[in-house]
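Numbering (the numbering used here), first residue to last: 270 to 431.
Where a beta carbon is used, it is the ideal one built from N, C-alpha and C, also for glycine.
Just so you know, these numbers come straight off a predicted model, no measurement behind them.
Written out below as structure tokens is the structure these notes cover.
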């Protein structure tokens with residue numbers, strides 16, 4: 270298990286899907302109960318970054334555009350989950366890595382990893398997405414896998430989660 274002094278708190282993987290909004294909502298509730306900060310991680314696969322960098326001789330411009338697009342998706346997911354009641358102790362980072370690798374690495378110093386049951390991938394007949402499966406199998410901390418049907422209503426100050 271992880272040392273509390275080196276803890277990232279609660280790490281939540283966000284890809285902009287409805288599942289990730291549900292994961293954010295649950296992570297917000299858990300952060301409140303555990304008195305821990307929330308680190309939102311969203312990823313850009315290295316292959317996406319490499320492909321974009323080949324369009325022009327200025328890869329930083331395209332890398333920035335990819336990062337801004339991902340940040341926009343994260344902002345939409347945060348708005349769906351929290352509305353105007355976004356937690357104060359929340360940080361967002363965009364990683365240039367695969368989601369599985371980035372989340373498992375982040376789990377090394379997390380108290381809890383929260384992921385949606387599915388992401389924006391394409392195999393809808395599978396009960397769990399590949400990232401949530403890999404995180405559940407390989408993370409270094411407890412993993413909470415959240416279904417999409419978790420009610421996505423904003424958390425209010427007096428909300429006890431019921």
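I need the DSSP call for residue i, collapsed to helix, strand or coil.
i: residue 392; result: For residue 392, the predicted structure reports a pLDDT of 49, less than 50, and the residue's modelled location is therefore unreliable. A value from the coordinates is still provided. Coil.
i: residue 249; result: This structure cannot speak to residue 249, because the chain is shown only from 270 to 431.
i: residue 334; result: helix
i: residue 380; result: strand
i: residue 360; result: strand
i: residue 385; result: strand
i: residue 280; result: strand
i: residue 326; result: Residue placement at residue 326 is poorly supported in this model, since its pLDDT is 46, which falls under 50; the coordinates are not used for a value here.
When the distance is taken between beta carbons, is residue j closer than 8 Å to residue i?
i: residue 300; j: residue 279; result: yes
i: residue 368; j: residue 284; result: yes
i: residue 282; j: residue 356; result: no
i: residue 313; j: residue 342; result: no
i: residue 379; j: residue 286; result: no
i: residue 399; j: residue 386; result: no
i: residue 295; j: residue 413; result: yes
Evaluate residue i with the Cβ neighbour count: other Cβ atoms within 10 Å of its Cβ, from every protein chain shown; 16 or more gives buried, anything less gives exposed.
i: residue 337; result: exposed
i: residue 406; result: exposed
i: residue 324; result: Note that residue 324 scores a pLDDT of 48, beneath 50, so its modelled location is shaky; the value from the coordinates is reported in the next line. Per the 10 Å Cβ criterion, exposed.
i: residue 376; result: buried
i: residue 333; result: exposed
Since residue i contacts residue j with CB under 8 Å, what's their CB separation in whole angstroms?
i: residue 410; j: residue 381; result: 6 Å
i: residue 353; j: residue 289; result: About 19 Å; that fails the 8 Å criterion.
i: residue 434; j: residue 415; result: Because the chain spans 270 through 431 in this model, residue 434 falls outside it and cannot be assessed.
Given 8 Å as the limit, is there contact between the stretch 296 to 314 and the stretch 358 to 370, that is, 3 or more CB pairs closer than that? yes
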